[in-house]
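**Student:**
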Amino acid sequence: MLNGDTSLCVNTEILIEYEEILAAKTTKEIAHNVVEAIARLHTTHFQETYIHFCLIEQDVDDNKFVDCAVAYDAEYIVTNDAHFNVLKQIDWPKLAILTIQEFASQI
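Just so you know, we're using the numbering used here here: the sequence shown kicks off at 121 and counts up by one.
(1) Quick one: measure Cβ to Cβ for residue 129 and residue 165, integer angstroms, because I've assumed they're closer than 8 Å.
(2) Are the CB atoms of residue 223 and residue 198 nearer to each other than 8 Å?
(3) Apart from the five residues on each side of it in sequence, which residues of its chain come closer than 6 Å, Cβ to Cβ, to residue 200?
(4) Assuming residue 192 and residue 167 form a contact by the criterion Cβ under 8 Å, report the distance between their Cβ atoms to the nearest whole angstrom.
(5) I'd like the ranges of any beta strand (DSSP E) spanning at least 3 consecutive residues and lying wholly in the segment 177-205.
(6) Using DSSP's beta-bridge definition, name the partner residues of residue 164.
(7) Where residue 179 and residue 159 are concerned, what is the direct C-alpha to C-alpha distance, given to the nearest angstrom?
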């Protein structure tokens, strides 16, 4: 069970992707407002990444999330994207991959 100290680790590149995906499903204005709200949450932490590990080969664009998580020393990544399952097969970094449903059931 998660201890309630869950935070979101992001960087500019991640927020841009969030905004692009949200804009495709809603409007640019709504997407911008949601991303601004995410950025201002006290539980959101900005983490620059200087090392790129290239651990996900099937969709290299997903690596920005892994690199950010590693730089932040995160415990897990929450995603339903199967490309992240490759992280379960490697010894380092030790990042748990939780589906959205698994994460929701633990909070």
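In this text, a Cβ means the ideal position worked out from N, Cα and C, and glycines have one as well. Bear in mind that the values here come from a model prediction, so they are computed numbers and not experimental data.
**Tutor:** To lay it out plainly:
(1) Taking the first residue of the sequence shown as 1, we reach residue 129 at position 9. Taking the first residue of the sequence shown as 1, we reach residue 165 at position 45. That belief holds up - the Cβ atoms of residue 129 and residue 165 are roughly 5 Å apart, short of 8 Å.
(2) Here residue 223 corresponds to residue number 103 of the sequence shown, with the count starting at 1. Here residue 198 corresponds to residue number 78 of the sequence shown, with the count starting at 1. Yes, these two residues count as a Cβ contact at 8 Å.
(3) To locate residue 200, count along the sequence shown from 1; it is residue 80. For residue 200, where only same-chain residues beyond five positions count, the Cβ hits under 6 Å are 219 and 220.
(4) Numbered from its first residue, the sequence shown carries residue 192 at position 72. Numbered from its first residue, the sequence shown carries residue 167 at position 47. So it is a contact: roughly 4 Å between Cβ atoms.
(5) 196-198
(6) Counting from 1 along the sequence shown, the entry for residue 164 is found at position 44. Residue 164 pairs with 128.
(7) By 1-based counting over the sequence shown, the position of residue 179 is 59. By 1-based counting over the sequence shown, the position of residue 159 is 39. Taking the straight line from one Cα to the other gives about 25 Å.
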